[in-house]
Amino acid sequence: AQKVTQAQTEISVVEKEDVTLDCVYETRDTTYYLFWYKQPPSGELVFLIRRNSFDEQNEISGRYSWNFQKSTSSFNFTITASQVVDSAVYFCALGDNAGNMLTFGGGTRLMVKP
Amino acid sequence: DTGVSQDPRHKITKRGQNVTFRCDPISEHNRLYWYRQTLGQGPEFLTYFQNEAQLEKSRLLSDRFSAERPKGSFSTLEIQRTEQGDSAMYLCASSLGVGEQFFGPGTRLTVL
Chain A
62 AQKVTQAQTE ISVVEKEDVT LDCVYETRDT TYYLFWYKQP PSGELVFLIR RNSFDEQNEI
122 SGRYSWNFQK STSSFNFTIT ASQVVDSAVY FCALGDNAGN MLTFGGGTRL MVKP
Chain B
7 DTGVSQDPRH KITKRGQNVT FRCDPISEHN RLYWYRQTLG QGPEFLTYFQ NEAQLEKSRL
67 LSDRFSAERP KGSFSTLEIQ RTEQGDSAMY LCASSLGVGE QFFGPGTRLT VL
């Protein structure tokens with residue numbers, strides 16, 4: 062069975078602080094996909110990133126960066142210089158070997174205060 | 007607007023009634039997914055289609071839930087004999103093959 066754990070249910074930071082959201086996953090598949098989605102107060106899930114299990118390169122996109130470590134089954138997400146607009150619930154998800162059925166973690170609510 | 011659309015956005019029904027939700031995927035996307043999200047939780051996978059074929063339906067929550075995608079375009083999710091426990095946000099997503107899944111705004115169901 063696949064499982065995603067986001068141990069941090071809620072994080073509060075002050076604007077401009079860096080923040081890391083943790084994600085730990087469990088799977089028996091050798092090929093799998095990892096995702097991060099953002100769910101702002103408006104409610105619609107916004108895709109942020111997808112990585113496959115064979116690509117362990119870290120990725121940076123503007124203020125966002127992702128650290129994939131297969132050895133620890135983790136796929137952590139860092140926001141640098143956080144902004145109030147980053148306030149949202151962030152979900153980590155694990156896709157099966159065909160990338161179809163996503164198993165989501167419970168989400169981390171990030172509050173960025175001015 | 008070329009994103010995933012869902013209709014209705016909100017549905018209030020009485021226990022025991024049947025409800026049907028519609029999802030229109032991004033036009034060139036051949037895969038369509040249904041998820042359910044309850045308050046404070048992450049989305050939970052229900053079923054998915056590749057074109058008109060329903061390739062996974064074992065995760066549908068009970069035999070009261072069914073989904074169709076008759077022409078490989080839009081899809082419907084039906085819940086028969088609704089129960090209060092069915093109250094949730096029902097999300098639809100689409101993708102082009104094994105690509106990132108783009109989600110619609112969801113249909114919020116309230117069962118009284």
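Which chain is which? The protein sequence lines are A and B, in order. Under our numbering, the residues of the first sequence are numbered 62 to 175, in order. Under our numbering, the residues of the second sequence are numbered 7 to 118, in order. All C-beta atoms in this analysis are idealised placements derived from N, C-alpha and C, irrespective of residue type, glycine included.
For B/Gln12, the uninterrupted beta strand (DSSP E) segment begins and ends at 11 to 13. According to DSSP, A/Gln130 shares a beta bridge with A/Ser135. Scanning its chain for C-beta atoms nearer than 7 angstroms, with the 5 sequence neighbours on each side dropped, one finds around B/Gln90 the residues Arg21, Val117, in chain order. Under the Cβ criterion of 9 angstroms, B/Arg21 is not counted among the residues facing chain A. Closest option to A/Thr91, judged by alpha-carbon separation, among A/Asn113, A/Met162, A/Gln118, A/Asp147: A/Asn113.
Judged by beta-carbon spacing, B/Val25 lies within the 9 angstroms limit of B/Thr19, meaning their Cβ atoms are closer than that value. For B/Phe109, a Cβ of chain A is located within less than 9 angstroms of the residue's own Cβ. Secondary-structure assignment with DSSP links A/Met172 through a beta bridge to A/Ser73. With a cut-off of 8 angstroms on Cβ pairs, the segment 149 to 165 of chain A is not in contact with the segment 127 to 134 of chain A, counting fewer than three such pairs. Here A/Pro102 is exposed: its Cβ has fewer than 16 other Cβ atoms, across all protein chains shown, within 10 Å.
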